[in-house]
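Protein chains: 4
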Amino acid sequence: MSPDTTRRSDRSRRAVLAAARDLVVEVGYPRLSIEAVARHAGVGKQTIYRWWPSKGAVVLDAVRALSEDETGGITLPDTGDLEADLKTVLRATAVEFGDPALSALLRGLYAEIAVDPELAMLYREQVDRPVTEAKLARLRAGQRAGQLHPEADLALCLDLLYAPFVQRWLLRTGPLDAAFADALVEATLRAFAPVGDVE
Amino acid sequence: MSPDTTRRSDRSRRAVLAAARDLVVEVGYPRLSIEAVARHAGVGKQTIYRWWPSKGAVVLDAVRALSEDETGGITLPDTGDLEADLKTVLRATAVEFGDPALSALLRGLYAEIAVDPELAMLYREQVDRPVTEAKLARLRAGQRAGQLHPEADLALCLDLLYAPFVQRWLLRTGPLDAAFADALVEATLRAFAPVGDVE
Amino acid sequence: MSPDTTRRSDRSRRAVLAAARDLVVEVGYPRLSIEAVARHAGVGKQTIYRWWPSKGAVVLDAVRALSEDETGGITLPDTGDLEADLKTVLRATAVEFGDPALSALLRGLYAEIAVDPELAMLYREQVDRPVTEAKLARLRAGQRAGQLHPEADLALCLDLLYAPFVQRWLLRTGPLDAAFADALVEATLRAFAPVGDVE
Amino acid sequence: MSPDTTRRSDRSRRAVLAAARDLVVEVGYPRLSIEAVARHAGVGKQTIYRWWPSKGAVVLDAVRALSEDETGGITLPDTGDLEADLKTVLRATAVEFGDPALSALLRGLYAEIAVDPELAMLYREQVDRPVTEAKLARLRAGQRAGQLHPEADLALCLDLLYAPFVQRWLLRTGPLDAAFADALVEATLRAFAPVGDVE
DNA sequence: TAATAAACGAGACGGTACGTCCTGTCTTCCG
DNA sequence: CGGAAGACAGGACGTACCGTCTCGTTTATTA
Numbered sequence: 001m002s003p004d005t006t007r008r009s010d011r012s013r014r015a016v017l018a019a020a021r022d023l024v025v026e027v028g029y030p031r032l033s034i035e036a037v038a039r040h041a042g043v044g045k046q047t048i049y050r051w052w053p054s055k056g057a058v059v060l061d062a063v064r065a066l067s068e069d070e071t072g073g074i075t076l077p078d079t080g081d082l083e084a085d086l087k088t089v090l091r092a093t094a095v096e097f098g099d100p101a102l103s104a105l106l107r108g109l110y111a112e113i114a115v116d117p118e119l120a121m122l123y124r125e126q127v128d129r130p131v132t133e134a135k136l137a138r139l140r141a142g143q144r145a146g147q148l149h150p151e152a153d154l155a156l157c158l159d160l161l162y163a164p165f166v167q168r169w170l171l172r173t174g175p176l177d178a179a180f181a182d183a184l185v186e187a188t189l190r191a192f193a194p195v196g197d198v199e
Numbered sequence: 200m201s202p203d204t205t206r207r208s209d210r211s212r213r214a215v216l217a218a219a220r221d222l223v224v225e226v227g228y229p230r231l232s233i234e235a236v237a238r239h240a241g242v243g244k245q246t247i248y249r250w251w252p253s254k255g256a257v258v259l260d261a262v263r264a265l266s267e268d269e270t271g272g273i274t275l276p277d278t279g280d281l282e283a284d285l286k287t288v289l290r291a292t293a294v295e296f297g298d299p300a301l302s303a304l305l306r307g308l309y310a311e312i313a314v315d316p317e318l319a320m321l322y323r324e325q326v327d328r329p330v331t332e333a334k335l336a337r338l339r340a341g342q343r344a345g346q347l348h349p350e351a352d353l354a355l356c357l358d359l360l361y362a363p364f365v366q367r368w369l370l371r372t373g374p375l376d377a378a379f380a381d382a383l384v385e386a387t388l389r390a391f392a393p394v395g396d397v398e
Numbered sequence: 399m400s401p402d403t404t405r406r407s408d409r410s411r412r413a414v415l416a417a418a419r420d421l422v423v424e425v426g427y428p429r430l431s432i433e434a435v436a437r438h439a440g441v442g443k444q445t446i447y448r449w450w451p452s453k454g455a456v457v458l459d460a461v462r463a464l465s466e467d468e469t470g471g472i473t474l475p476d477t478g479d480l481e482a483d484l485k486t487v488l489r490a491t492a493v494e495f496g497d498p499a500l501s502a503l504l505r506g507l508y509a510e511i512a513v514d515p516e517l518a519m520l521y522r523e524q525v526d527r528p529v530t531e532a533k534l535a536r537l538r539a540g541q542r543a544g545q546l547h548p549e550a551d552l553a554l555c556l557d558l559l560y561a562p563f564v565q566r567w568l569l570r571t572g573p574l575d576a577a578f579a580d581a582l583v584e585a586t587l588r589a590f591a592p593v594g595d596v597e
Numbered sequence: 598m599s600p601d602t603t604r605r606s607d608r609s610r611r612a613v614l615a616a617a618r619d620l621v622v623e624v625g626y627p628r629l630s631i632e633a634v635a636r637h638a639g640v641g642k643q644t645i646y647r648w649w650p651s652k653g654a655v656v657l658d659a660v661r662a663l664s665e666d667e668t669g670g671i672t673l674p675d676t677g678d679l680e681a682d683l684k685t686v687l688r689a690t691a692v693e694f695g696d697p698a699l700s701a702l703l704r705g706l707y708a709e710i711a712v713d714p715e716l717a718m719l720y721r722e723q724v725d726r727p728v729t730e731a732k733l734a735r736l737r738a739g740q741r742a743g744q745l746h747p748e749a750d751l752a753l754c755l756d757l758l759y760a761p762f763v764q765r766w767l768l769r770t771g772p773l774d775a776a777f778a779d780a781l782v783e784a785t786l787r788a789f790a791p792v793g794d795v796e
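Residue numbers (the working numbering), protein chains in the order written: chain B, 1 to 199; chain Y, 200 to 398; chain W, 399 to 597; chain P, 598 to 796.
Printed below as a string of structure tokens:
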């Protein structure tokens, strides 16, 4: 962002994140070691410890790097049809979660987050918040368009929409297919439907 | 259950699970080591490796041991009022999750499950399934009583009820209080309300 | 000595000492690392740290192992002619110091001893004392035979005999040849000659 | 000497040597690091690497700096009585070696010298030779005065005088007291006494 | 008096080794 | 024979330094 005041080597930063991404796919998160990342990245261990506080932080950064392509503003599609848009997004997310690299990184990240409150905070602020904001924005638009109950708790709505999805993926309690995505959207929208809107 | 055919020492088994429970609270799951559990339990390391395949399996067993008090059949309250009963249960669960021992163990377990498919399977079968069955039974009763839409997908209904709850706890995105429990129940029931049941 | 009460692996012990010996010759004492010794010996680092307190202690042990061939009692030759015997011994020592393995080990040992009082004590007790005793015994015999002044300070005599020798070797201030050995013996014996014994 | 053609900072040079001296006393030679010297001296690491080839060279320089007070020519006392003069000098040396700073520096230096031939050469030329020259000069004077055998090997004589002294200090095999100094001088002079000079 | 070039402090870098902790296996000995 | 005890080979941890390499910043002539 600002012209970095430190003299951090960008080459090393990228190499570390790439190595972490590759290795987590190759050997799985628990067997991922800082030592191996350093070796693989052609980097001194100290360089990793200098810039990241923990293995989890490296993985979190690698996750961010994966989704860094989207230049800045995350926006959800808005065709005017909330239900259709949400289904589109959730189905797309299901596909994304099929990517072994992202999936392996995210599993590791969730594992660490479950157990490391500091990392959890970083995750919420740096990964979760931006996309949650975008999702909320779409819901608010839908609400203004009369497609959601005017007093609906949109944060709760989001939880209903996404938590079952993430949980099914995390615990492997079922497939992440289009049918599940659609059912989730439909159920959630029913819960927050505008008054009198019953089929 | 049946008088074990093996010559496994029950004394050691209990000591190991107790040590695991204590240590996971004391130092956190990631710093929990088999070595320390053995030392703390006054047990040879080999004894642990003989009976449990991994650290995660020990913790899973410790979780089971914690909820073993409930003698066998898990049943949810059934006063006839589904909404009230679900709120009761969810509020009670929120309280349970406040127990540091259970919480620390469960966090460790979730961390491992996220990343170890085999343990995930054990978890689903040995921990999740029994309680899911009980919950489904209560929902079915409510459905029969006309408090849920006759064609409601009860498994999905359960996901909407519990996944947001677990996710909030796991990622610490908010407090697990009665208000949240109630809102969750209300929204879910709205999504699966019987036809024409609009307030 | 006694049937060892511990369960120490003799195989590992030997491998470590041999690796230390080989490596100290190969790369020199300062670049000798515990890590490399372990690797070279096919031994875990912990096994080294379990049985030796420091790199210096390993090298001291390796030195002992080198001179362990002599089965127990160290005795100096006694032909009746003290001067001849001492020259024999000192010349032989000069040859021994020519052995690159012994030389490299001893240099490392002296370097560490100069700077580590505890190791110095071990050296004095385990390496120096036995041979010093043997040398003193030979001097005493010579004294009884009238070849040394009856009130000669034999410890000092030994210092005059050996310290210049060791110093020349350590600081490389000159060659360790027969001429030097002989001159050393002659000068020392002159200093402690019996009364009236002037050529 | 000449107004140095380089632009070397004398301030930094002094700071480095002082830091080395202080640190070697504080933590001992083996734990002395270039890094710590630089930090302690308020100097960049590169400045040390620019002017000294190794840790040992810094310490050698620090030793020289300690004995730099003597303005140029080193001369031993010459009262006409060789024995008395040598005892004076050796006793004084014993006192010098009691200085913790000099002692710690010298121990480190000897440790490094034992193991680094290049540094050994520097030591011989820059530290040892000047004082050896002075000592030889005094012995020659004594020889001319008939207090030493006319054909005495004065270099060997010096070895007998000093090597046992240094060895006792280095290996801590005994105290460096006046009695030891005197005994050393007496024995050595006996070994190189002029003909017929028996008390 | 300004330009210029070296030495300087600071400290990041790729590495090596440290000494500790733990893993999972193996062996010994006790009950 | 199960279990407590603990040594073993191996490997990762997080730290400390190594010696090299930029960075800007003095500093001290030389133009």
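Every residue gets a Cβ at the ideal spot worked out from N, C-alpha and C, and that includes glycine.
Nonlocal neighbours in the same chain, by C-beta distance under 7 Å from residue i, ignoring five residues either side
i: residue 336 of chain Y; result: none
i: residue 392 of chain Y; result: 348
i: residue 785 of chain P; result: 754, 757 and 758
i: residue 697 of chain P; result: 622
i: residue 74 of chain B; result: 130, 131 and 134
i: residue 36 of chain B; result: 23
i: residue 776 of chain P; result: none
i: residue 1 of chain B; result: Because residue 1 of chain B sits at a pLDDT of 41, beneath the cut-off of 50, its placement in the model cannot be relied upon, and the point is left open.
i: residue 598 of chain W; result: Residue 598 of chain W falls outside the range modelled here, since chain W spans only 399 to 597, and no answer is possible.
i: residue 778 of chain P; result: 684, 687, 688 and 691
Candidates the options, of which the one nearest residue i by Cα
i: residue 774 of chain P; options: P:720, P:688 and P:745; result: P:688
i: residue 699 of chain P; options: P:638, P:604 and P:665; result: P:665
i: residue 661 of chain P; options: P:615, P:627, P:766 and P:753; result: P:615
i: residue 82 of chain B; options: B:145, B:195 and B:183; result: B:145
i: residue 607 of chain P; options: P:645, P:633 and P:620; result: P:645
i: residue 20 of chain B; options: B:7, B:6 and B:54; result: B:54
i: residue 439 of chain W; options: W:457, W:410, W:511 and W:428; result: W:410
i: residue 57 of chain B; options: B:142, B:94, B:141 and B:116; result: B:116
i: residue 751 of chain P; options: P:738, P:718 and P:632; result: P:738
i: residue 583 of chain W; options: W:485, W:433, W:541 and W:565; result: W:485
i: residue 43 of chain B; options: B:120, B:14 and B:93; result: B:14
i: residue 717 of chain P; options: W:405, W:567, W:432 and W:580; result: W:567
i: residue 297 of chain Y; options: Y:365, Y:389 and Y:244; result: Y:365
i: residue 7 of chain B; options: B:95, B:181, B:151 and B:50; result: B:50
Close beta carbons around residue i, own chain, < 6 Å, minus the five adjacent residues each side
i: residue 398 of chain Y; result: Residue placement at residue 398 of chain Y cannot be trusted, given a pLDDT of 49 that sits under 50; the coordinates are not used to answer.
i: residue 223 of chain Y; result: 231, 303, 304 and 307
i: residue 649 of chain P; result: 655
8 Å Cβ shell around residue i - same chain, five flanking residues per side excluded
i: residue 278 of chain Y; result: 284
i: residue 59 of chain B; result: 20, 24, 29, 32, 105, 108, 109 and 112
i: residue 126 of chain B; result: 60 and 64
i: residue 123 of chain B; result: 60, 109 and 113
_Contact list for the segment 424 to 445 of chain W against chain P, Cβ threshold 8 Å_ = The residues in question are 426, 427 and 428.
*Quick one: which residues of the segment 325 to 354 of chain Y get their C-beta closer than 8 Å to a C-beta of chain B? List them in chain order.*
Residues passing the 8 Å Cβ filter: 327 and 352.
*Which residues, taken in chain order from the segment 776 to 789 of chain P, show a beta carbon closer than 9 Å to some beta carbon of chain W?*
So the list reads 777, 780, 781, 783, 784, 785, 786, 787, 788 and 789, given in the order they occur along the chain.
*What are the complete alpha helix (DSSP H) segments, minimum 4 residues, inside the segment 310 to 385 of chain Y?*
Complete alpha helix (DSSP H) runs here, min 4: 316 to 322, 328 to 343 and 353 to 370.
_To test your reading of the DSSP string, which unbroken alpha helix (DSSP H) runs of 4 or more residues are found completely within the segment 252 to 281 of chain Y?_
Those alpha helix (DSSP H) runs which fall completely within the segment 252 to 281 of chain Y and span 4+ residues are 254 to 265.
*Give, in chain order, every residue of the segment 687 to 709 of chain P whose Cβ lies closer than 8 Å to some Cβ of chain W.*
Considering only beta carbons, the part of the segment 687 to 709 of chain P lying closer than 8 Å to chain W consists of 704, 705, 707, 708 and 709, in chain order.
*Using a beta-carbon distance cut-off of less than 8 Å, what residues from the segment 167 to 178 of chain B approach chain Y?*
Against chain Y - using a Cβ distance shorter than 8 Å - the residues of the segment 167 to 178 of chain B are 167, 168, 170, 171, 172 and 173.
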